[in-house]
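This report concerns only the one structure given below.
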Amino acid sequence: MISPHSLVMYKTRPAIVLSNDLDRILIKTIDGDERKVRNKDLAMVHAGPIHSFPIAQHSKEVNEALDLLKEENPEGVPIVSWNEFAELAWSKVEAKHIVIAWHMLLENPAIEMLDNGFRIRSKEEQQKLIEKERKKKEITETRAAFVEAFGLAWKKNDPSFVDKDQNFKPFVDELSRFARGFAVDSPIARDLGIRLTPQAVHEALLATGFWEPFINPWPDRNGCILSMPSEPKNIRERSELTLDRLDLRYLSSFAIDNPWSKDPDDAISIEGNRVWIHVSDPVSAIAPISTEDEDACARASTLYLPEKTIPMLHHSLIEAFGLGILPESKALSFGITLQKNGKIDQISIVPSIIKVARLTYEEADVLLETNEVLQNLNEIVEARKKLRQDQGSVDIVFPEVSIRAIDGNVEFLPVPATRSARLVQELMILAGEAAARWAYAAGLAFPYVSQEPPISAESAGCGAGLSESLAENYARRKVMRTAIVSSTCGAHAGLGLSFYSQVTSPLRRYQDLLAHYQIHAELARQKSSNILEEGIPREAQIGLSREMLDQRLYLYGLQAAKNRQAERDSRLHWAMVYLSKHRDWKGQAIVLEVDRGHAHIYIPSFGIEMLIHISRNVKPDTNITIALRRVSIPELTATFDIV
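Heads up, the sequence shown is in the numbering used here, so the first residue is 41 and it goes up one at a time.
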């Protein structure tokens with residue numbers, strides 16, 4: 041038991057024992073604190089008695105003893121006990137001597153303090169420690185210089201007040217990580233007095249010139265994957281599918297898309313009364329739970345940003361399976377015969393090989409005037425639109441504007457409304473219905489898409505067809521419920537269909553890839569006669585169980601939502617970048633809705649929607665002229681005045 045008034049060490053600092061209970065010892069530290077500690081937390085140094093600590097004082101005895109130890113041990117001394125050192129210095133050991141020695145040795149870089157004594161460092165260790173302290177001091181001084189310079193530049197909104205010193209890079213990197221959403225805290229931002237939000241730090245980085253306006257942090261903030269997919273080791277058809285492709289090269293098949301599309305994944309043709317919708321077939325080479333599948337699941341979809349496109353699949357897979365890229369294309373073809381009223385009569389799904397002609401929407405519109413294939417398909421499309429309309433479908437059409445950013449310069453390209461775009465859209469919906477009906481009849485676990493009826497059927501314009509009123513289209517959109525993707529089949533109210541899935545974009549949407557896994561597994565099962573002892577077709581094992589499908593759909597849903605938000609935010613970001621360079625911008629807007637002094641507007645020049653204050657009575661669908669008042673890139677906001 042340690043007696044009262046003994047000298048002990050607590051965390052390498054002297055302390056005097058005041059009292060001793062059975063389980064705790066009351067001590068007074070050299071810093072003046074009293075605390076109860078456990079016996080095992082103390083190192084006994086001297087029995088005392090000692091009642092108070094001697095003040096720090098110079099002692100030639102300590103210096104002489106230390107010099108003697110260094111001279112005798114040039115490579116350092118592993119450990120010297122406090123009692124040994126006091127005896128060497130004073131030829132006797134008193135508690136006060138140990139405290140005096142502790143005071144003198146505390147700041148000595150050659151000494152490492154221990155509870156039961158100290159260690160003399162070697163010259164090499166001392167040099168490393170000195171260098172470490174020098175660097176630490178340098179970082180502290182650089183940090184202080186950065187805080188002063190950055191703070192001044194930020195408050196004055198003038199980058200000239202801060203040098204782009206390379207030594208400042210660690211601090212700028214810390215701010216950048218926080219602004220991109222990679223960190224939840226930024227000590228340097230707190231030191232600068234910047235509000236701890238990504239937008240506030242973004243604003244400060246812009247004001248000081250460390251970030252250019254074109255830097256887009258929104259994909260990072262939303263958790264998108266911005267690296268390119270890894271190249272597959274090889275691309276070959278999966279042997280377990282036992283594919284036997286139907287030769288449909290004799291058909292005139294058209295892949296119709298925007299001129300900038302690089303991943304054509306659907307084509308259309310017709311044979312008699314059978315509509316053929318051909319879809320790219322990457323699943324013939326990508327297996328569930330493979331490396332490529334895991335990566336595609338993590339990405340969820342191709343990410344379309346104004347400044348770049350990050351594909352879901354490696355470009356070699358797109359080159360191999362994109363329709364019309366090579367002279368002949370491998371496809372999964374949906375053959376559908378229809379009744380005169382547009383209802384589906386028969387469905388066949390087959391792996392195929394086809395020849396595809398690629399067209400832009402504008403080229404297809406011209407060809408619609410003379411091409412029999414497209415004209416026949418258009419007749420079917422009209423019947424399908426009427427059928428869905430009779431079944432309560434909701435048509436919502438908004439103008440499209442493609443935004444492209446190259447080297448920080450922004451272009452806004454209106455996408456023309458074309459007959460062929462509506463034709464393709466309707467046939468893709470047909471393929472989705474056919475796939476869902478086929479999968480349901482086969483009892484497959486399948487990624488069905490359903491949608492509850494709108495909040496208000498009247499506001500949604502159920503069965504009313506297209507409306508030319510932009511305000512009405514906006515009102516319809518507001519009352520629509522979110523579509524749900526799950527393995528449970530349900531009606532899709534917005535499309536006016538009892539069955540629906542999405543199957544026509546497996547190159548760029550993971551949900552479609554999942555559907556293709558299940559279709560291919562069922563086709564292989566139907567083709568094979570090999571049966572396991574349990575009576576389960578072996579080929580059925582190559583698809584996904586319902587449990588695995590649900591898990592995959594959950595992961596897909598999370599990431600797909602992040603991608604969609606990043607795409608929306610990025611469009612706004614680049615619109616704000618453009619406006620920040622054109623502070624005198626003035627243009628047209630269309631009022632979508634007016635509510636209590638505010639108007640929700642659509643700006644056709646940019647294809648974006650904004651909220652503005654409005655002081656006079658303006659009706660929906662009114663065209664107004666607006667002028668930019670101010671813009672904030674970090675906040676994705678702009679304020680306009682009505683001219």
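Beta carbons: idealized from backbone N, C-alpha and C, even for Gly.
query, result
"Note down, in chain order, each residue of its chain lying with its Cβ closer than 8 Å to the Cβ of Leu612, except the 5 sequence neighbours on either side.", "Ile648, Leu676"
"May I ask you to verify whether the region 178 to 192 touches the region 153 to 168, counting CB pairs closer than 8 Å and requiring at least 3?", "no"
"For the beta strand (DSSP E) holding His640, just list the boundary residues, first then last.", "638 to 643"
"Using DSSP with H/G/I as helix, E/B as strand and the rest coil, what is Thr400?", "strand"
"Can you find the residues in the same chain that come closer than 6 Å, C-beta to C-beta, to Phe208, ignoring five residues on each side of it along the sequence?", "Phe186"
"Going straight from the alpha carbon of Val617 to that of Arg656, what length do you get?", "30 Å"
"If contacts are defined as beta-carbon pairs under 8 Å, then Gly382 and Arg424 qualify, I think. What distance do you get, rounded to the angstrom?", "4 Å"
"Hey, Gly627 and Ile641: beta-carbon distance below 8 Å or not?", "no"
"Checking the sheet assignment: what are the DSSP bridge partners for Val77?", "Ile65"
"If you draw a straight line from the alpha carbon of Arg278 to that of Thr331, how long is it in whole angstroms?", "14 Å"
"Mark Gln591 as exposed unless 16 or more other C-beta atoms lie within 10 angstroms of its C-beta, in which case mark it buried.", "exposed"
"Measuring alpha carbon to alpha carbon, tell me which residue in Pro454, Gln431, Arg549, Ala564 is nearest Leu535.", "Gln431"
"Going by alpha carbons, who is nearest to Glu633 out of Asp81, Val658, Thr400?", "Val658"
"On the three-state DSSP scale, how would you describe Asp405?", "helix"
"Using the Cβ count rule (16 or more neighbours within 10 Å means buried), how would you classify Val450?", "buried"
"Between which residues of its own chain and Glu101 is the CB-CB distance below 6 Å, once the five residues before and five after are set aside?", "Ala129, Trp130"
"For His613, name the three-state secondary structure that DSSP assigns.", "helix"
"For the alpha helix (DSSP H) holding Pro259, just list the boundary residues, first then last.", "258 to 261"
"Which partner residues of Gln628 appear in the DSSP bridge assignment?", "Thr665"
"Please determine, among Gly501, Val525, Ser526, the residue with the shortest C-alpha to C-alpha distance to Tyr514.", "Gly501"
"On the DSSP letters alone, give me the boundaries of the alpha helix (DSSP H) that Ala240 sits inside.", "238 to 247"
"Using the Cβ count rule (16 or more neighbours within 10 Å means buried), how would you classify Asn274?", "exposed"
"Given a cut-off of 8 Å on the beta-carbon distance, is the pair Phe294 and Ala397 in contact?", "yes"
"How long is the line joining the alpha carbons of Gln491 and Ala471, rounded to whole angstroms?", "18 Å"
"Between Gln605, Phe438, Ile308, Asp624, which lies nearest to Met468 when the distance is taken from Cα to Cα?", "Ile308"
"Can you give me the Cβ contacts of Leu595 inside the same chain, cut-off strictly under 7 Å, excluding the 5 residues immediately before and after it?", "Cys337"
"Distance check for Glu124 and Leu58, CA to CA, integer angstroms please.", "25 Å"
"For Leu417, which option in Phe158, Ser292, Lys395, Ser541 has the closest C-alpha, if you only look at C-alpha atoms?", "Ser292"
"Could you tell me which of Pro494, Arg78, Ala531 sits nearest to Arg516, measuring between CA atoms?", "Pro494"
"For Gln605, collect the residues of the same chain with a Cβ closer than 6 Å to its Cβ; drop the 5 residues on either side in sequence, then sort them by chain order.", "Asn262"
"Got a sec? Which residues, its chain only, sit under 6 Å from Pro674 by beta carbon, not counting five neighbours each side?", "Gln239, His242, Glu243"
"Would you mind stating whether Phe452 and Ser541 have Cβ atoms separated by less than 8 Å?", "no"
"Can you name the start and end residues of the beta strand (DSSP E) that Arg444 belongs to?", "440 to 446"
"Please identify the residue among Ile446, Ile682, Ser99, Ala678 whose C-alpha is closest to the C-alpha of Thr662.", "Ile682"
"Taking only three categories from DSSP, how would you classify Ala229?", "helix"
"Is it the case that the Cβ atoms of His354 and Pro272 are separated by a distance below 8 Å?", "yes"
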